[in-house]
Amino acid sequence: MNKKTRPLVVVVGGGPVGLSVAALLSSNSKLEKFDVHLVDSGSAPTWFRDSLDLRVYALSRVSQNILNSLGVWESITTCRSSPYEKMHVWQGKYDARLGSVTFDSAEVGEPDLGHIVEDSLLRVELIKNLERAGVKITFGAELSSIDIRQREAHVTLSTGEKLSAAILIAADGGSSTVRDLLEMPITKVSYQQQAIVTHIETEKSHGETAWQRFLPDGPLAFLPLADGRSSVVWSTKSNHAKTLCELRDSEFRAKLQSASGNVLGKISSFTKRASFPLQASHAHQYCGNRVVLVGDAAHKIHPLAGQGMNLGLMDAAVVADVLLEALHKGEDPGDLRVLRRYERQRKGDNLKMLLALDVLHRLFGVSGNLMPPLRSIGLSAFDAMPFVKSKIMRRALGYRNQLPGAAINPIV
Ligand SMILES: Cc1cc2nc3c(=O)[nH]c(=O)nc-3n(C[C@H](O)[C@H](O)[C@H](O)COP(=O)(O)OP(=O)(O)OC[C@H]3O[C@@H](n4cnc5c(N)ncnc54)[C@H](O)[C@@H]3O)c2cc1C
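Numbering (numbering that gives the first Met the number 0), first residue to last: 0 to 411.
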């Protein structure tokens, strides 16, 4: 196909999901592909070899496959990533035999349960891929207006630039401007919680294990980092989080030490702290004529299972499959009937995960004298159900009955 006749896709949002969908649609290995223009309101990311990004993600096997099919996984692991083989989940005092659940990759015949990857590294490697494919990227530009017509989406940027796209993909995160400008309805539930993140150095090794303790105010997670430290995600009530963020370093360390139940021994140092408000949200529709929502723009979930980015990367792979197939068949890829194929494949899956995490969050938030011992019994019982645990692990690894092309690419 002559390059000039390729339809233009405008992707709004250069987070990992937007960059991935742009890369999948413009990849050189495809016979049919799209011209893509990606716009992000922020600045271009930089990755530093000598300091680990505060923002990290636990990426599943299927996310790894998607990134591998784009040719970026090897560069990511060469630079820095941290596989984790086990995950311990407990409440109260940690005891491997009682009141806890252990997920072990060996039980499902996998080398690990996933990798911890830095946001900036992921984005830098995806941008290199886009530059190789000749994708135009504009940083520091917002969306001023959108005018949807029958056959095109007209977009004006804050720079004054006007674009006419066959499809507009909103990957602009939980506070999506595209979604708001088009008045696409969404249901939002605030958890009245904030997640505090920091990296800590501990006396004991993390042992390539993710640790998660359920506390009365929310879960506290430790994710193993490549340099031996652990990344903390401490979800707690908003007013408690505010207090914790304002504490002096020594006071914060003491609080974290106590909350950790000393599972990794003494905490010797930690980096700066950042906090993120937590909410669940779900768009009523993932598409309109010429418009598609992906990633957090379509759905936001509690980070307690580290799945938000994984769901977003799956959205990216599915929407790319649907659009490329439509192009291949000579259909109009921006037609609502085509875009609905993406929605049908992703909505149920995302909603199931959102609801499962919401229930889990509420279950561990219920107070009362009887609840902690009942939950401990429940965790022990659950730990003794290998079949159920395997099913959950395979789900968390991203496996589904039907996977998009990019997700079944074997790791080389
Ligand atoms: C504390 C915490 C820990 C988490 N840990 C994990 C984890 O371990 N594993 C996991 O899978 N998920 C995790 N998540 C969820 C994950 O962070 C999100 O699901 C993911 O970042 C969504 O990616 P995205 O690309 O859709 O959106 P974002 O990462 O939010 O990116 C949106 C992009 O759009 C740009 N943008 C915004 N508005 C505009 C505009 N108007 N015009 C142009 N550009 C715009 C922004 O600059 C940004 O680059 C975690 C979340 C939190 C809060």
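Glycine included, every Cβ here is placed at the ideal spot set by N, Cα and C.
From D118 to L277, what does the alpha carbon distance come to, in whole angstroms?
Each residue's Cα considered, the two are about 18 Å apart.
So, are the CB atoms of L112 and M86 less than 8 Å apart?
Yes, Cβ-Cβ distance for L112 and M86 is below 8 Å.
Are there three or more Cβ pairs, one per stretch, closer than 8 Å when the region 394–410 is compared with the region 314–326?
With a cut-off of 8 Å, the region 314–326 and the region 394–410 count as touching, because enough Cβ pairs lie within range.
By the 10 Å Cβ neighbour count, where 16 or more other Cβ atoms means buried, how is T235 classified, buried or exposed?
So T235 ends up on the buried side.
Would DSSP call M0 helix, strand or coil?
Interpretation of M0 is limited by its pLDDT of 44, a score under 50 that renders its predicted location unreliable; no figure is taken from the coordinates.
Following a CB-centred definition, is G347 positioned closer than 7 Å to any heavy atom of ligand 2?
Ligand 2 is absent from the structure shown, which contains only ligand 1.
Relative to the C-alpha of G377, which residue among R60, S25 and W89 is closest?
Closest by alpha carbon: W89.
For I65 versus L312, is the C-beta spacing smaller than 8 Å?
In this structure, L312 lies closer than 8 Å to I65 by Cβ.
Report the residue from D382, K203, L53 and G41 whose alpha carbon sits nearest the alpha carbon of L142.
Ranking the options by Cα distance to L142, first place goes to G41.
Out of A140, V196 and R343, point me to the one whose CA is closest to A10's CA.
The residue you asked about is not Ala; residue 10 is Val in the sequence shown. Among A140, V196 and R343, the Cα nearest to that of V10 is on A140.
With a threshold of 16 other CB atoms inside 10 Å of the CB of E245, please say whether the residue is buried or exposed.
Looking at its Cβ environment, which holds fewer than 16 other Cβ atoms inside 10 Å, E245 is exposed.
Excluding five sequence neighbours on each side, which residues of the same chain lie with their C-beta closer than 7 Å to the C-beta of K2?
Here K2 scores only 49 on pLDDT, less than 50, and its place in the model should not be relied on; the value that follows carries that caveat. Excluding residues within five positions, none has a Cβ falling inside 7 Å.
Please check the pair L303 and L263, which I expect to be a contact at CB under 8 Å, by giving their CB distance rounded to whole angstroms.
Actually they do not touch by this definition, with Cβ atoms about 19 Å apart.
Taking the alpha carbon of R79 as the reference point, which residue from L97, H114 and S99 has its own alpha carbon closest?
The candidate whose alpha carbon is nearest that of R79 is H114.
Let me know if M384 comes out buried or exposed under the rule of 16 or more other beta-carbons within 10 Å of its beta-carbon.
Exposed, by the Cβ-count rule.
Rank A297, P218 and L180 by C-alpha distance to the C-alpha of L362 and give the top, closest one.
Of the listed residues, the one whose Cα sits closest to L362 is P218.
Where does V11 sit, in a helix, a strand or coil, going by DSSP?
Strand.
So what does DSSP say about R122, is it helix, strand or coil?
Reduced to three states, the DSSP call for R122 is helix.
Measuring only from the beta carbon, is D331 closer than 7 Å to any heavy atom that is part of ligand 1?
D331 Cβ: outside cutoff for every heavy atom of ligand 1.
Got a sec, what are the start and stop residues for the beta strand (DSSP E) S268 sits in?
Unbroken beta strand (DSSP E) run through S268: I266 to F269.
Under a three-way DSSP split, which group does S157 fall into?
Three-state result, S157: coil.
With respect to 7 Å, is the separation between the Cβ of P218 and the closest non-hydrogen atom of ligand 1 below this value?
The answer is no for P218.
Can you tell me whether D248 is buried or exposed, with buried defined as 16 or more other CB within 10 angstroms of its CB?
Classification of D248: exposed, given that the 10 Å Cβ count is below 16.
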